[in-house]
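Same order as they appear, the protein sequences are chains P and G.
Numbering-wise, the first sequence is residues 596 to 708 according to my numbering.
Numbering-wise, the second sequence is residues 37 to 145 according to my numbering.
Read the structure below first, then the notes.
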Amino acid sequence: KAGVTQTPRYLIKTRGQQVTLSCSPISGHRSVSWYQQTPGQGLQFLFEYFSETQRNKGNFPGRFSGRQFSNSRSEMNVSTLELGDSALYLCASSLLVLTDTQYFGPGTRLTVL
Amino acid sequence: EDQVTQSPEALRLQEGESSSLNCSYTVSGLRGLFWYRQDPGKGPEFLFTLYSAGEEKEKERLKATLTKKESFLHITAPKPEDSATYLCAVTTGANNLFFGTGTRLTVIP
Numbered sequence: 596k597a598g599v600t601q602t603p604r605y606l607i608k609t610r611g612q613q614v615t616l617s618c619s620p621i622s623g624h625r626s627v628s629w630y631q632q633t634p635g636q637g638l639q640f641l642f643e644y645f646s647e648t649q650r651n652k653g654n655f656p657g658r659f660s661g662r663q664f665s666n667s668r669s670e671m672n673v674s675t676l677e678l679g680d681s682a683l684y685l686c687a688s689s690l691l692v693l694t695d696t697q698y699f700g701p702g703t704r705l706t707v708l
Numbered sequence: 037e038d039q040v041t042q043s044p045e046a047l048r049l050q051e052g053e054s055s056s057l058n059c060s061y062t063v064s065g066l067r068g069l070f071w072y073r074q075d076p077g078k079g080p081e082f083l084f085t086l087y088s089a090g091e092e093k094e095k096e097r098l099k100a101t102l103t104k105k106e107s108f109l110h111i112t113a114p115k116p117e118d119s120a121t122y123l124c125a126v127t128t129g130a131n132n133l134f135f136g137t138g139t140r141l142t143v144i145p
């Protein structure tokens, strides 16, 4: 069974730009979650999507948004990038709910200059 | 306030030197506790799920245990390939998920 895939793997952007990251979950998984990981803050929950609806949301500003498509694939968008947005962005999928075992993708490394 | 704390932050072991990593939690209504392994630049890899106090799970040189306040990840006779960051995560009845900041393990040959 194929794992969670994320594209692109690496991105370099400048302040003020926007970026879109993509995630394909494990086949059959309907819950997709996004996380930001930085050396100082560790792994922080951004949001969770299920059936094309945002079901849970972490404590991040509105510049961070996402969506889920009918095939469970998900995208995450960050607008008006700031230097502090540089991080590893991880996507995880689980069968139905956030509290099921999360299976992570390899991540997208975003660098904001 | 719901919180997950892992200790130590970093641990250096000689190959073959057994030890334990700790994950303590204060959350309302624990539903499950997860252990993950993360190699540099990669996503976390699932290791174990524990649901109730007294539960234990094993995989190769790793054994995870759970009490009402904490979980331990015991590493028996570690090898250099066990070097990684080990993350603990807790889920609650309110459908929340909290991660600890991890323990960075280095096993020296």
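All C-beta atoms in this analysis are idealised placements derived from N, C-alpha and C, irrespective of residue type, glycine included.
Self-check item: Whether P/Leu641 touches P/Phe664 by CB criterion (8 Å)
Solution: Position 46 of the first sequence, counted from the first residue, corresponds to residue 641 of chain P. Position 69 of the first sequence, counted from the first residue, corresponds to residue 664 of chain P. With respect to the 8 Å criterion, P/Leu641 and P/Phe664 are not classified as neighbours on the basis of their beta carbons.
Practice problem: Measure from the alpha carbon of G/Ile111 to the alpha carbon of each residue in G/Leu57, G/Glu37 and G/Asp38, then state which is nearest. | Solution: Position 75 of the second sequence, counting from 1, holds the residue named residue 111 of chain G. It is G/Leu57 whose Cα lies nearest to the Cα of G/Ile111.
Quiz prompt | Closest residue to P/Ser626 among P/Glu677, P/Phe659, P/Glu647 and P/Thr703 (Cα-Cα distance) | solution = The residue labelled residue 626 of chain P in the question sits at position 31 within the first sequence. Nearest of P/Glu677, P/Phe659, P/Glu647 and P/Thr703 to P/Ser626, Cα basis: P/Glu647.
Exercise. Could you check which residue in G/Phe135, G/Ala89 and G/Phe70 has the C-alpha nearest to that of G/Phe146?
Key: No statement about residue 146 of chain G is possible, as the shown extent of chain G runs from 37 to 145 and does not include it.
Quiz prompt | Inter-residue CB distance, P/Tyr684 and P/Gly702 (contact presumed, cutoff 8 Å) | solution = By one-based count along the first sequence, residue 684 of chain P stands at place 89. By one-based count along the first sequence, residue 702 of chain P stands at place 107. Between P/Tyr684 and P/Gly702 the beta-carbon gap is near 6 Å, inside 8 Å, which marks them as a contact.
Quiz item: How close, in whole Å, do the beta carbons of G/Arg67 and P/Thr694 come, if the pair is a contact with beta carbons under 8 Å?
Solution: For this step, residue 67 of chain G is matched to residue 31 along the second sequence. For this step, residue 694 of chain P is matched to residue 99 along the first sequence. About 5 Å separates the two Cβ atoms, so the contact holds.
Practice problem: Please name the residue in G/Lys78, G/Glu51, G/Leu102 and G/Gln50 whose C-alpha comes closest to that of G/Tyr61. | Solution: For the purposes of this step, residue 61 of chain G is identified with residue 25 of the second sequence, where counting begins at 1. It is G/Leu102 whose Cα lies nearest to the Cα of G/Tyr61.
Quiz item: When the Cα atoms are used, what is the spatial distance from G/Asp38 to P/Phe659?
Solution: By 1-based counting over the second sequence, the position of residue 38 of chain G is 2. By 1-based counting over the first sequence, the position of residue 659 of chain P is 64. In this structure, the alpha-carbon of G/Asp38 lies about 24 Å from that of P/Phe659.
Quiz item: Any residues in the segment 122–145 of chain G with a beta carbon nearer than 9 Å to a beta carbon of chain P? Which ones, in chain order?
Solution: Cβ contacts with chain P come from Leu123, Ala125, Thr127, Thr128, Gly129, Asn131, Asn132, Leu133, Phe134, Phe135, Gly136, Thr137 and Gly138.
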